[in-house]
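*Asks:* Pasting in a structure now, in structure tokens, and then I'll have a few things to ask.
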Amino acid sequence: MDEFWYTNPPDEYLNVAKNLSNVRWGGSFREVLVSLDGNLVGAVWPFTVIYTGGVNLYLWRPITGIGSFDLPSYDIEVTPFLGTLLDGKSHLVRFNVTNALNVWFIDANLHLWLDGKSSRTEGGLEELVDKPLAVSLAYDFQGLNGSFSTSAKRSIFSSGWIRSSYGNITTTFAQDFVYNNSMVIGNNGNENIVNQVILLNESVHANLSSPFVDDTYRNFSLYSDEYGMDKDGYTLVLSNVTLGFEENKSRSSAFGFPKSALKNVQNGKAIMVMKGDLVVNGLGKTKQDYSYTSDGYCYSRKVGSSNYTILFDEVTYSCN
Numbered sequence: 002m003d004e005f006w007y008t009n010p011p012d013e014y015l016n017v018a019k020n021l022s023n024v025r026w027g028g029s030f031r032e033v034l035v036s037l038d039g040n041l042v043g044a045v046w047p048f049t050v051i052y053t054g055g056v057n058l059y060l061w062r063p064i065t066g067i068g069s070f071d072l073p074s075y076d077i078e079v080t081p082f083l084g085t086l087l088d089g090k091s092h093l094v095r096f097n098v099t100n101a102l103n104v105w106f107i108d109a110n111l112h113l114w115l116d117g118k119s120s121r122t123e124g125g126l127e128e129l130v131d132k133p134l135a136v137s138l139a140y141d142f143q144g145l146n147g148s149f150s151t152s153a154k155r156s157i158f159s160s161g162w163i164r165s166s167y168g169n170i171t172t173t174f175a176q177d178f179v180y181n182n183s184m185v186i187g188n189n190g191n192e193n194i195v196n197q198v199i200l201l202n203e204s205v206h207a208n209l210s211s212p213f214v215d216d217t218y219r220n221f222s223l224y225s226d227e228y229g230m231d232k233d234g235y236t237l238v239l240s241n242v243t244l245g246f247e248e249n250k251s252r253s254s255a256f257g258f259p260k261s262a263l264k265n266v267q268n269g270k271a272i273m274v275m276k277g278d279l280v281v282n283g284l285g286k287t288k289q290d291y292s293y294t295s296d297g298y299c300y301s302r303k304v305g306s307s308n309y310t311i312l313f314d315e316v317t318y319s320c321n
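So, in structure tokens, the structure goes:
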């Protein structure tokens, strides 16, 4: 399965870990690539959604993992390629997932705006720079115990012009990604520690009469540790998780909402008791801190739960 891709060790580890039932292939790095007629248009390095059984099921009762009930969506700007799409020919849009196994389901919507004052919109691609994905892997393990470090970088830039009733407009789209994942497997495969960060700087610029600028910074962070031990015929699984989604946006003021900041962080710890493959008992505690600010408007909500019970739920609208 690829549901927990961020915990997957490198394939080099599999030769010694064939007897571990929870080992998954492909390493810990994933990216979604979007191409048009074989040319890379943009990429998504996805947020690490943890579903309601992930890491430790008692973490997510009743607070669920960020995005688990409403998966994050992502925007890819294709305006620089509009001239290609309007040439009257058939075109192929393709989605690929790097290192994917068999559980990735991808869907997309194409958003188009019609120009009612022009009988025809023309355009052309001026520049496309696709720097190859750079991945580095370092590992050191003996038997089932070891440490693994994976890093990756990618940059994509496109520029194109369109001519419509608004005049001749040049649009640029740029993405810069950075990825780091460090992993430790110990206690003969019964301990797993993951520390991962995904960073994105993204910008859309257009030379309208009032220049349009839309800059986005994202930070997706994850820390998790799991430790399993056998006691009196039972297996105890101890887990800790910190999951973070951070986004800062800056947009030219003529288009409203010039700046916004969103931060969503969850911290949880849980213990699960198993008899063979059957979960027989457990206890979990989770806290979530959500905050959003935009142009003088503020909203925050803090929620805490323990053992299926909400301990507190606090909402504020103050910017102080």
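Each residue of the sequence shown is one higher than the one before, starting from 2 at the first, in our numbering.
Glycine included, every Cβ here is placed at the ideal spot set by N, Cα and C.
What three-state label does DSSP hand Tyr318 in the structure shown?
*Replies:* Here Tyr318 sits in coil by DSSP.
*Asks:* Kindly indicate which three-state DSSP category Gly54 falls into: helix, strand or coil?
*Replies:* Of the three classes helix, strand and coil, the one that applies to Gly54 here is coil, per DSSP.
*Asks:* My assumption, with CB atoms under 8 angstroms, is that Glu123 sits in contact with Ile163. Please give the rounded CB distance.
*Replies:* Confirmed, about 7 angstroms.
*Asks:* If distances are taken between C-alpha atoms only, which option among Gly190, Ser160, Leu111 and Arg155 comes closest to Phe142?
*Replies:* Considering only alpha carbons, the answer is Gly190.
*Asks:* Measure the C-alpha to C-alpha separation of Pro63 and Thr287 and round it to an integer number of angstroms.
*Replies:* Each residue's Cα considered, the two are about 9 angstroms apart.
*Asks:* Who are the Cβ neighbours of Leu201 in its own chain at under 6 angstroms, not counting the five residues just before and after it?
*Replies:* So the list reads Phe178 and Arg219, once near-sequence residues are dropped.
*Asks:* Cα-Cα, which of Asp3, Leu284 and Glu32 is closest to Val136?
*Replies:* Of the candidates Asp3, Leu284 and Glu32, the one whose C-alpha sits nearest the C-alpha of Val136 is Glu32.
*Asks:* How many whole angstroms separate the CB atoms of Asp3 and Trp105, which I take to be in contact at a CB cut-off of 8 angstroms?
*Replies:* Indeed they touch by this definition, with Cβ atoms about 6 angstroms apart.
*Asks:* Can Leu223 and Leu244 be called in contact, C-beta distance under 8 angstroms?
*Replies:* A contact, by the Cβ cut-off of 8 angstroms.
*Asks:* Decide if Gly144 is buried, meaning its Cβ has at least 16 other Cβ atoms within 10 Å, or exposed.
*Replies:* Flag for Gly144 reads exposed.
*Asks:* What three-state label does DSSP hand Pro133 in the structure shown?
*Replies:* If DSSP states are grouped into helix, strand and coil, Pro133 belongs with the strands.
*Asks:* Just grab the DSSP bridge partners of Ile199 for me.
*Replies:* The partner list for Ile199 (beta bridge, DSSP) reads Tyr180 and Phe221.
*Asks:* Are there 16 or more other CB atoms within 10 angstroms of the CB of Leu83, so buried, or fewer, so exposed?
*Replies:* It counts as buried.
*Asks:* For Asn189, name the three-state secondary structure that DSSP assigns.
*Replies:* Helix at Asn189.
*Asks:* Do you know offhand how far Ser165's Cα is from Ser119's?
*Replies:* Roughly 6 angstroms separates the two Cα atoms.
*Asks:* Helix, strand or coil for Leu86? Go by DSSP, reduced to three states.
*Replies:* Helix, per DSSP.
*Asks:* Cα-Cα, which of Ser211, Leu60, Asp71 and Tyr235 is closest to Gly168?
*Replies:* When only C-alpha atoms are compared, the closest one is Ser211.
*Asks:* Under the three-state reduction of DSSP, which class applies to Ala255: helix, strand or coil?
*Replies:* If DSSP states are grouped into helix, strand and coil, Ala255 belongs with the helices.
*Asks:* Report the residue from Asp88, Ala101, Gly277 and Asn146 whose alpha carbon sits nearest the alpha carbon of Gly27.
*Replies:* Closest by alpha carbon: Ala101.
*Asks:* How far does the beta strand (DSSP E) with Val98 in it reach, from first residue to last?
*Replies:* From DSSP, the beta strand (DSSP E) with Val98 extends over Val94 to Val98.
*Asks:* Inspect the beta-carbon positions of Gly187 and Asn241 and report whether they are closer than 8 angstroms.
*Replies:* No, they are not a contact pair.
*Asks:* Kindly list the residues whose CB is nearer than 6 angstroms to the CB of Asn308, restricted to its own chain and excluding five residues on each side of it in sequence; keep chain order.
*Replies:* Around Asn308: Leu284.
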